[in-house]
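Numbering follows our numbering, with no gaps: position 162 of the sequence shown is 162.
See below for the structure under consideration.
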Amino acid sequence: MENYSSNLSQVNRKIDKSTLLWIVLGIIIISIALFNIWSFFNNKPESNPEIVTTNVPNFSLINQQGDSLTLSDLTGKVWVADFIFTNCPTICPKMTLEMANLQSEFDSQKINFVSFTVDPERDTTDVLSRYAMQHGADESRWHFLTGDKAQIYKLANEGFKLAAAYHEGILPHSRKFVLVAPDGVIYDYYDSHHKPAMKRLREDVKTLLER
Numbered sequence: 001m002e003n004y005s006s007n008l009s010q011v012n013r014k015i016d017k018s019t020l021l022w023i024v025l026g027i028i029i030i031s032i033a034l035f036n037i038w039s040f041f042n043n044k045p046e047s048n049p050e051i052v053t054t055n056v057p058n059f060s061l062i063n064q065q066g067d068s069l070t071l072s073d074l075t076g077k078v079w080v081a082d083f084i085f086t087n088c089p090t091i092c093p094k095m096t097l098e099m100a101n102l103q104s105e106f107d108s109q110k111i112n113f114v115s116f117t118v119d120p121e122r123d124t125t126d127v128l129s130r131y132a133m134q135h136g137a138d139e140s141r142w143h144f145l146t147g148d149k150a151q152i153y154k155l156a157n158e159g160f161k162l163a164a165a166y167h168e169g170i171l172p173h174s175r176k177f178v179l180v181a182p183d184g185v186i187y188d189y190y191d192s193h194h195k196p197a198m199k200r201l202r203e204d205v206k207t208l209l210e211r
């Protein structure tokens with residue numbers, strides 16, 4: 001009887017370990033599937049639909065230096081915008097690297113760069129300031145903005161027409177850059193992970209700066 005109980009206990013432990021293994025495997029598979037779905041939507045080939053003129057709506061947020069920044073502060077300047085968050089382990093590092101490359105290539109004060117955080121609760125001004133320093137941001141031209149979450153998400157979804165959401169700790173958002181003309185009109189969108197799109201962005205920036 002004792003041997004039977006011992007064998008039964010061993011079988012139960014094996015079942016428990018097997019069940020745990022399958023649970024972990026299931027979580028991994030679901031995570032990969034969700035990531036692939038998100039990648040699919042971000043990897044759609046760039047299309048060339050008829051561009052509808054869209055003005056960036058006014059906003060009032062705080063940059064990494066603790067100063068207020070509004071749309072009027074960017075009037076008369078060409079600027080490139082994106083939506084990121086500092087703890088992002090997937091698409092954001094590449095996006096920030098591409099933005100840093102643009103900053104290095106275009107040293108004109110007439111071009112600014114604006115990175116809106118989609119995680120304002122964690123991305124405080126101090127956090128954004130350290131992040132800006134880590135990536136060599138020229139703080140007179142590259143603004144990392146935080147503030148009211150509702151305003152930021154409305155600005156992303158309704159103003160820039162870019163995806164940004166919050167779901168159980170996950171922060172899916174678009175990896176596209178947005179080029180804004182000096183009059184506040186959205187000029188076009190560019191996939192930051194797509195070399196032809198980034199080449200086109202550089203050409204369009206030069207076009208706007210020469211006007």
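Think of the CB as a built atom: it goes at the ideal place given N, C-alpha and C, for glycine as much as any other residue.
Around the Cβ of Thr-75, a 10 Å sphere holds fewer than 16 other Cβ atoms; the residue is exposed. Between the stretch 188-204 and the stretch 109-122, the count of C-beta pairs closer than 8 Å stays below three; the two stretches do not touch. With a 10 Å radius around the Cβ and a threshold of 16 neighbouring Cβ atoms, Val-178 comes out buried.
Closest option to Val-78, judged by alpha-carbon separation, among Thr-70, Ala-181 and His-173: Ala-181.
Taken through DSSP and simplified to helix, strand or coil, Ile-152 comes out as helix. Within 10 angstroms of the beta-carbon of Asn-63 lie 16 or more other beta-carbons, which makes it buried. Per the C-alpha coordinates, the member of Cys-88, Thr-70, Asp-67 and Thr-54 positioned closest to Ser-174 is Cys-88. The beta carbon of Arg-211 lies closer than 6 Å to none in the same chain, with the five residues before and after it left out. As for any beta strand (DSSP E) of minimum length 3 sitting wholly inside the stretch 151-202, the runs are 176-180 and 186-191, ordered along the chain.
Asp-82: member of the beta strand (DSSP E) spanning 78-84, first to last residue.
Each of Arg-130, Glu-121, Lys-195 and Lys-176 was checked against the Cα of Ile-152, and the nearest Cα belongs to Glu-121. Under the criterion of beta carbons closer than 8 Å, Asp-188 and Asp-204 qualify as touching, at roughly 6 Å. The beta carbon of Phe-106 sits closer than 7 Å to those of Val-205, all from its chain and outside the five residues before and after it, given in chain order. Our two residues, Thr-207 and Val-80, have alpha carbons roughly 14 Å apart in a direct line. In terms of Cβ geometry, Asp-123 and Thr-90 do not form a close pair [threshold 9 Å]. The Cβ atoms of Val-118 and Leu-171 lie closer than 9 Å to each other. If you check the CB distance, Met-99 and His-143 do not come in under 9 Å. When the alpha-carbon of Asn-101 is set against those of Thr-86, Ile-84, Ala-137 and Asp-126, the nearest one is in Ala-137.
Annotation: Leu-128 to Thr-86 spans about 7 Å, alpha carbon to alpha carbon. Lys-154 places its beta carbon 9 Å or farther from that of Tyr-166.
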